[in-house]
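Structure record follows, encoded as structure tokens.
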Amino acid sequence: MSGRGKARAGAGSARAERAPARRRDRRIGKAAVPYLLGLPSWVYLLLFFLVPLASMLALSAAVGDPIVGYSYGGHFAEFLDAIGQYHRQLLRSFYYGALATLVTLAIAYPAAYWIAFHGGRHKSTYLFLIMLPFFVSFVIRTVAWQFILADQGFLFGQLKSWGLISDRFYILSTQWAVIGGLVYNGLAYYVLPLYVAIEKIDRRVVRAAGDLYADPASTFLRVILPLSAPGVFAGFLLVFVTDVGDFVNAQILGGPGTYMVGNVIQDSFFVNQDYPMAAALSSILMFLLMVAIFLYARAFGRERIQEYAA
Amino acid sequence: MAAQLDMPPDMPPAADPMARGARPDRAGSREHLDVRLDGVTKAYGHLVAVDDISLTIERGEFFSLLGPSGCGKSTTLSMIGGFAEPTYGAIYLNGVDVSRQPPYRRDVNTVFQSYALFPHLDVYENVAFGLKRKHVDRKAIERRVRDMLALVDLTGFHDRRPAQLSGGQQQRVALARALVNRPKLLLLDEPLGALDLKLRKQMQLELKRIQSEVGITFLYVTHDQEEAMVMSDRLAVMAGGRIEQVGPPDVVYDSPATEFVAGFLGASNLMAGEVVERGGALARVRLDDGLVVQVARGRLGDRGPRVKVGVRPEKIQVLPAGQPVPEGRNSLEAVVAMTAYIGVSHQYTMEGPDGRSFSAYAQNLGTGPHPARGDRVRLCWHPEHTFVVEPSAPRAAEESSA
Numbered sequence: 001m002s003g004r005g006k007a008r009a010g011a012g013s014a015r016a017e018r019a020p021a022r023r024r025d026r027r028i029g030k031a032a033v034p035y036l037l038g039l040p041s042w043v044y045l046l047l048f049f050l051v052p053l054a055s056m057l058a059l060s061a062a063v064g065d066p067i068v069g070y071s072y073g074g075h076f077a078e079f080l081d082a083i084g085q086y087h088r089q090l091l092r093s094f095y096y097g098a099l100a101t102l103v104t105l106a107i108a109y110p111a112a113y114w115i116a117f118h119g120g121r122h123k124s125t126y127l128f129l130i131m132l133p134f135f136v137s138f139v140i141r142t143v144a145w146q147f148i149l150a151d152q153g154f155l156f157g158q159l160k161s162w163g164l165i166s167d168r169f170y171i172l173s174t175q176w177a178v179i180g181g182l183v184y185n186g187l188a189y190y191v192l193p194l195y196v197a198i199e200k201i202d203r204r205v206v207r208a209a210g211d212l213y214a215d216p217a218s219t220f221l222r223v224i225l226p227l228s229a230p231g232v233f234a235g236f237l238l239v240f241v242t243d244v245g246d247f248v249n250a251q252i253l254g255g256p257g258t259y260m261v262g263n264v265i266q267d268s269f270f271v272n273q274d275y276p277m278a279a280a281l282s283s284i285l286m287f288l289l290m291v292a293i294f295l296y297a298r299a300f301g302r303e304r305i306q307e308y309a310a
Numbered sequence: 001m002a003a004q005l006d007m008p009p010d011m012p013p014a015a016d017p018m019a020r021g022a023r024p025d026r027a028g029s030r031e032h033l034d035v036r037l038d039g040v041t042k043a044y045g046h047l048v049a050v051d052d053i054s055l056t057i058e059r060g061e062f063f064s065l066l067g068p069s070g071c072g073k074s075t076t077l078s079m080i081g082g083f084a085e086p087t088y089g090a091i092y093l094n095g096v097d098v099s100r101q102p103p104y105r106r107d108v109n110t111v112f113q114s115y116a117l118f119p120h121l122d123v124y125e126n127v128a129f130g131l132k133r134k135h136v137d138r139k140a141i142e143r144r145v146r147d148m149l150a151l152v153d154l155t156g157f158h159d160r161r162p163a164q165l166s167g168g169q170q171q172r173v174a175l176a177r178a179l180v181n182r183p184k185l186l187l188l189d190e191p192l193g194a195l196d197l198k199l200r201k202q203m204q205l206e207l208k209r210i211q212s213e214v215g216i217t218f219l220y221v222t223h224d225q226e227e228a229m230v231m232s233d234r235l236a237v238m239a240g241g242r243i244e245q246v247g248p249p250d251v252v253y254d255s256p257a258t259e260f261v262a263g264f265l266g267a268s269n270l271m272a273g274e275v276v277e278r279g280g281a282l283a284r285v286r287l288d289d290g291l292v293v294q295v296a297r298g299r300l301g302d303r304g305p306r307v308k309v310g311v312r313p314e315k316i317q318v319l320p321a322g323q324p325v326p327e328g329r330n331s332l333e334a335v336v337a338m339t340a341y342i343g344v345s346h347q348y349t350m351e352g353p354d355g356r357s358f359s360a361y362a363q364n365l366g367t368g369p370h371p372a373r374g375d376r377v378r379l380c381w382h383p384e385h386t387f388v389v390e391p392s393a394p395r396a397a398e399e400s401s402a
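Protein sequences, first through last, are from chains A and B.
Numbering follows our numbering, with no gaps: position 26 of the first sequence is 26.
Numbering follows our numbering, with no gaps: position 103 of the second sequence is 103.
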């Protein structure tokens, strides 16, 4: 830009004309700053999101196999095949995801509330304790649950030997194990946004509710809950999206009856090497999640939330 | 305005009979409506924030708790509102001990210093909040909220959110939100503190007008002595968790009971001395520098022998040196050390015989020359204008000079 300014100066235009021109240049330069600062992120998004996304979409309509190679043709029947064969796993994923997210919310909210309102000086310690298990690898944590919940493991094995539960009792490979695993793994991701939202609530406003005849229950319903809505909203998105696409919990804690779409995609890619099927399923999952998020945002994400969250 | 409002039934004539019939819930509380604090104490560990306060506030009264920050006035208000429990003592509302009742059960509403409006609700919903919690009939809520918003001059702002309002408007929403419930008692915790001076003066008069219109008892907490004097029927000056004096503003101002009150409420010239003669209509106090000051006997009471005599700066007459002093006045000679012209008056700081500093205010009535810096002058004042206080403990004295 400064080069252009110099060139113009060299052209010998009148001084009076030159000064405003340069000023305009500087203004353009200033306006460009945010975009320049954003450039790395744009490049990143392009390389690691848009390109793979496009190639995945292309792959989903391709024909061929890994040995002879793929030809990119408009084989959109793959989508119908994917839905026809795996609609059960797709539905199950959304069902597990929704249920697990709700249970996560039910556990995370009281925890976040307690830390924010009653944590006193030790708030960060409590948050750290919530985060602590997450310093261990995701897979290891889940395997640990497999160990804990094993049919003859130290927990159920002991209970069975005492005759407290039936010998045939089991949890592993049921949907409850999978949902439980999802809840466990998503907890911190819900507690944190909730904590931030609840912590931000002005205590004097809570006090005012009490002054205006609101008993603790209606203070919660009418004031604290609506004011923490941004956290509920953000956490829900964060946890729901990860839960629906998850395959590790179903793989480690579940059984054949708890296959989620993530497992199907993984199998298609790495076991059957049916890349078009895997890509088609991924695309469908992505599309459905976007629709779900859109509907969710329409229902709950009113501008108000942004307004008073600010 | 008054016609639109439907007044609490316990208020005399203006209330129309229909309004009375509409609210049987208040019928039982008509005969004796007041606030009584009985030996109320609040301690946080070893720190005593409020120390054995007893106080009665009449119904319909505009009562202020006045004191410097940390004097316990806000804590007292919190306890009446139900946000803090007294360590000892009891609080009676309308004759009923409410000390252990949670705030949402008390027929008391608060206008908070920070307003504490609900940010997620609009003006209408903010004001309707209390009525909805009390399950008032929907139509009645609508009417009462509308009337109340008209009273505080916010008609047309129903759909605004608190964030879209100016400080003064937020303040009025906070007031409407509390008043609409027709509490027996309205607590106001420095509600004008965040407003600029001009708006504050305007709101002082507005508050006073609204209070006389609705007839609800107001308990007002402030550290601003002028604010308290302008609005209150009676006020209590607090210091160090105790009440120093209670009374109508003019009485407290003219006859401060303690050295602290003399210094906090307005300015005072205080001189230490000893009572030398108590008989007759005038008592005499010999100041430590030898000067003898006359005091109306009634104002001495049984204080003494060590006392401090005081006189307000505006009661002092500044005469050129050598001019005869009117009969029966206290007088002393001084040198003008500083003059300040503030429009309606001149304020002088003068140095007395033993280096003691005096202040005097003179209204700018005359056309003649005013005493200038370095001039010798004679100060005189009426014995009736001389008040007497017990010398207070060093701690309070320190505060009063601050």
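Yeah, the Cβ is synthetic: ideal placement off N, Cα and C, and Gly gets one too.
In the DSSP assignment, B/A163 forms no beta bridge with any residue. According to the DSSP assignment, A/L127 belongs to the alpha helix (DSSP H) that extends over K123 to M131.
Between B/P248 and B/R234, the CB-CB gap stays under 7 Å. Per the C-alpha coordinates, the member of A/R121, A/F247, A/A144 and A/I224 positioned closest to A/G97 is A/F247. Residues of the segment 206 to 222 of chain A with a Cβ closer than 7 Å to any Cβ of chain B, in chain order: R207, A208, G210, D211, L212, Y213, A214, D215 and S218. DSSP, reduced to helix, strand and coil, places B/T386 outside both helices and strands of the structure shown, so it counts as coil.
Comparing alpha-carbon positions, the option among B/V35, B/G322, B/P305 and B/I316 lying closest to B/V389 turns out to be B/P305. Between B/F62 and B/S268, the CB-CB gap reaches or exceeds 7 Å.
Contact between the segment 69 to 81 of chain A and the segment 156 to 165 of chain A is absent: fewer than three C-beta pairs spanning the two stretches fall below 8 Å.
Here B/R376 carries a strand assignment [DSSP, helix/strand/coil]. Of all residues in the segment 179 to 210 of chain A, only D202, R204, V205, R207, A208, A209 and G210 place a beta-carbon less than 8 Å from a beta-carbon of chain B. In the structure shown, B/W381 falls within a strand segment according to DSSP collapsed to helix, strand and coil. Cα atoms of B/L282 and B/L270: separation of roughly 19 Å, rounded to the nearest angstrom. Listed in chain order, the non-local C-beta contacts of B/I210 below 8 Å within the same chain comprise L151, V152, L175 and L179, local neighbours out to five positions each way being set aside. The count of Cβ pairs closer than 8 Å, one atom from the segment 102 to 113 of chain A and one from the segment 182 to 189 of chain A, reaches three, so the stretches are in contact. About 21 Å separates the CB atoms of B/T41 and B/D34; that is not less than 8 Å, and the two are not in contact. For B/T87, the three-state secondary structure derived from DSSP is coil. About 25 Å separates the Cβ atoms of B/L365 and B/G352, ruling out a contact at the 8 Å cut-off. Taking C-beta separations shorter than 8 Å and ignoring five residues to either side along the sequence, the partners of B/V276 in its chain run R284, V285, R286 and V292, following chain order. Here the C-alpha atom of B/V123 lies approximately 15 Å from the C-alpha atom of A/L212.
The three-state reading of DSSP puts B/Q317 in strand, counting E and B together. Taking the CA atoms as reference points, A/A250 sits about 34 Å from A/E199.
Within the segment 219 to 245 of chain A, contact with chain B at the beta-carbon level (separation under 7 Å) is assigned to V223, P226 and L227. Taking the C-beta atoms as reference points, B/T155 is found no nearer than 7 Å to B/E190. In the structure shown, the three-state DSSP call for A/L155 is coil.
According to the DSSP assignment, B/F358 belongs to no alpha helix (DSSP H) but to the beta strand (DSSP E) extending over S357 to Q363. Under DSSP, the beta-bridge partners assigned to B/D189 are B/V221. Going by C-alpha positions, A/A112 is about 39 Å away from B/A140. Per DSSP, reduced to three states, the secondary structure at B/E125 is helical.
The segment 240 to 247 of chain B makes contact with the segment 52 to 71 of chain B: 3 or more CB pairs, one atom from each, lie closer than 8 Å.
Assigned with DSSP and collapsed to three states, B/Y348 falls in strand.
Counting along the chain, the unbroken alpha helix (DSSP H) around A/V191 starts and ends at Q175 to E199.
For the pair A/M260 and A/S268, the CB atoms are not nearer than the 7 Å cut-off. In this structure, DSSP gives B/A194 a state outside helix and strand, which the three-state scheme calls coil.
Collapsing the DSSP output to three states places A/Y170 in coil. Per DSSP, A/G210 lies in no beta strand (DSSP E) segment; the continuous alpha helix (DSSP H) that holds it begins and ends at R203 to D211.
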